[in-house]
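Heads up: the structure comes next, in structure tokens.
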């Protein structure tokens, strides 16, 4: 009995040790998940904290007297007169209606610097498009200078340095009290291209450039990747050459993305002489980078189709091609689409290969085609993050939020398609 009791005690101790190890292992797993979620939450909080103000613009609304004598302009349809006219004077006069103490030339210059450098161009464009407005007073909404915008949005934040003079700060406070300066949703961010001034900079050009680049990537990578996966899985003979191809596809999936940029620079631009900084070249480079991901995921989806499907189709007289086209590919398509969307989301966030083919250029205009100069969202964020002006910091964070929205949406679409279309065998 004593031996049996001692053996039972040994077994109980062994089980207790095993249970303690299992509990520790589960605890370690929960701790790892908590750390990952905490890091992700910290990242999102930091980005939102820095970038939420990028979705807010600061405007100055003025009643501008379009006085011909003040602007030295008699005929707005005359290009020579437009080029020589003074469009700053009526803006200063409108500001002086609210800040009458600004009388000297120096004070007027300081007053004019509350507005962005494009304010005079807005008055010029208004008169050029509507010559009949000459001699009238028009209410115009101008974008405030970046320094004014920083002061209005971050005056109490020590992380931002206020670069306005004390006199300008008093003027801004007076204009805020009168409701001349106001903040609203930054529609400029989604309606314009890049600019040297943060207040006038937008990401529409980068969004359109990303869309055009992704269309080229999808048009090349999806059909080629699906065809390669079908051939390797269904038709390729099992020999050393096929093994060599499979090994290299798996190796290409782990190659750093900048290598594909070097390949695009050497082949597409250096050898074939294609233009730099255009969506078609960027799309071809990203297609090469995305191909291994699509091929591997598509092969896994094809393997998941039960052999009984093939055997049943062949049993009723279907050819090998009919089996693949009519049965295997339709059943494997959910997995193929999921892998393709995930590969496209990865390509959307790539920067390094596009830097090497010249898509880091300063592009103001929104691209109108596949061969127009363009940039993409990740590169635009990189340019803003490396700029010295404080306004570009919040724009970079706002751009990251937009990019994350696109990427999360694409991944959510992949998950939805997989759940919606998958079949359980």
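Residue numbers (the working numbering): 7 to 431. No residue lacks a Cβ here, since even glycine has one placed at the ideal position from N, Cα and C. All figures in this text were calculated on a predicted structure; none of them were measured in a lab.
Could you pull the DSSP bridge partners for residue i from this structure?
i           : result
residue 190 : 63
residue 150 : 121
residue 71  : 143
Could you pull out every residue in the same chain whose Cβ sits closer than 6 Å to the Cβ of residue i, ignoring the five residues on either side in sequence?
i           : result
residue 333 : 315 and 319
residue 147 : 65 and 67
residue 87  : 79 and 81
residue 192 : 61, 62 and 63
When the distance is taken between beta carbons, is residue j closer than 9 Å to residue i?
i           : j           : result
residue 145 : residue 223 : no
residue 284 : residue 378 : yes
residue 155 : residue 205 : yes
residue 72  : residue 149 : no
residue 382 : residue 407 : no
residue 360 : residue 231 : no
residue 255 : residue 226 : no
residue 277 : residue 363 : no
residue 375 : residue 413 : no
residue 187 : residue 178 : yes
residue 427 : residue 340 : yes
Spatial neighbours of residue i within its chain, please: C-beta separation below 8 Å, excluding the five flanking residues on both sides.
i           : result
residue 107 : 113
residue 76  : 92, 95, 96 and 99
residue 53  : 403, 406, 407 and 410
Rounding to the nearest angstrom, what Cα-Cα distance links residue i and residue j in this structure?
i           : j           : result
residue 201 : residue 33  : 51 Å
residue 62  : residue 158 : 11 Å
residue 218 : residue 287 : 11 Å
residue 70  : residue 143 : 5 Å
residue 289 : residue 221 : 7 Å
residue 418 : residue 109 : 59 Å
residue 101 : residue 273 : 57 Å
residue 387 : residue 293 : 22 Å
residue 321 : residue 41  : 54 Å
residue 239 : residue 425 : 24 Å
residue 89  : residue 371 : 23 Å
residue 5   : residue 121 : One cannot answer for residue 5 here, as it falls past the ends of the chain, which runs 7 to 431.
Report all residues from its chain with a CB closer than 7 Å to the CB of residue i; omit the five preceding and five following residues, and keep chain order.
i           : result
residue 420 : 344, 347 and 348
residue 235 : 301, 304, 305 and 308
residue 369 : 199, 200, 211, 379, 380 and 381
residue 395 : 152 and 204
residue 242 : 248
Unbroken stretches of the beta strand (DSSP E), 3 residues or longer, contained in the segment 25-60: none
Uninterrupted alpha helix (DSSP H) stretches inside the segment 248-282 (no shorter than 4 residues): 263-270
Every unbroken alpha helix (DSSP H) inside the segment 345-391 [4 residues or more]: 358-362 and 383-391
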